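Worksheet for the structure shown next.
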Amino acid sequence: MDDQTNRVTEQEALLLHSSGRPGKIEIAPTKPLTTQRDLSLAYSPGVAAPCLEIQRDAALAYDYTAKGNLVAVISNGTAVLGLGDLGAVASKPVMEGKAVLFKRFA
2 MDDQTNRVTE QEALLLHSSG RPGKIEIAPT KPLTTQRDLS LAYSPGVAAP CLEIQRDAAL
62 AYDYTAKGNL VAVISNGTAV LGLGDLGAVA SKPVMEGKAV LFKRFA
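What follows is the structure, given as structure tokens:
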């Protein structure tokens with residue numbers, strides 16, 4: 002593949018980031034949350050039971066939460082991919098991109 006084929010234009014990049022739902026990532030529920038009962042089990046009052054179990058044994062966080070399947074990508078935006086000090090908000094597309102790479106190659 003030659004360099005011309007791999008070249009990414011600014012316009013293509015902006016279109017990708019803005020088309021459909023803006024950004025590149027989302028959080029989706031892993032449980033059915035369609036009824037009031039589902040929501041009561043997932044949040045209050047149902048959420049108290051796993052909280053108390055985890056308080057007794059912190060290792061249970063892996064059984065009752067997504068702890069073993071998440072990664073946080075955090076930056077204050079002061080040194081972003083050769084772009085310098087962009088600030089936290091302007092660096093968000095890079096952080097989303099890193100999250101997408103983790104998701105794709107994990």
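Numbering (our numbering), first residue to last: 2 to 107.
For glycine and all other residues, C-beta sits at the position ideal for the given N, C-alpha and C.
Remember, predicted model here, so these are calculated numbers, not experimental data.
Nearest-angstrom Cβ-Cβ length linking residue 100 and residue 74, presumed shorter than 8 Å: Start at 1 with the first residue of the sequence shown, and residue 100 comes out as number 99. Start at 1 with the first residue of the sequence shown, and residue 74 comes out as number 73. Residue 100 to residue 74, Cβ: 5 Å. Contact.
Secondary structure of residue 8, DSSP reduced to three states: Stepping through the sequence shown from its first residue, residue 8 is reached at position 7. Coil, per DSSP.
Euclidean distance between Cα positions of residue 6 and residue 89: Counted from its first residue, the sequence shown places residue 6 at position 5. Counted from its first residue, the sequence shown places residue 89 at position 88. So the alpha carbons of these two residues sit roughly 32 Å apart.
Length-filtered (3 minimum) beta strand (DSSP E) runs lying within the region 52 to 98: none
C-alpha distance - residue 113 paired with residue 98, whole-angstrom precision: An answer regarding residue 113 cannot be provided, because it is not within the stretch 2 to 107 covered by the chain.
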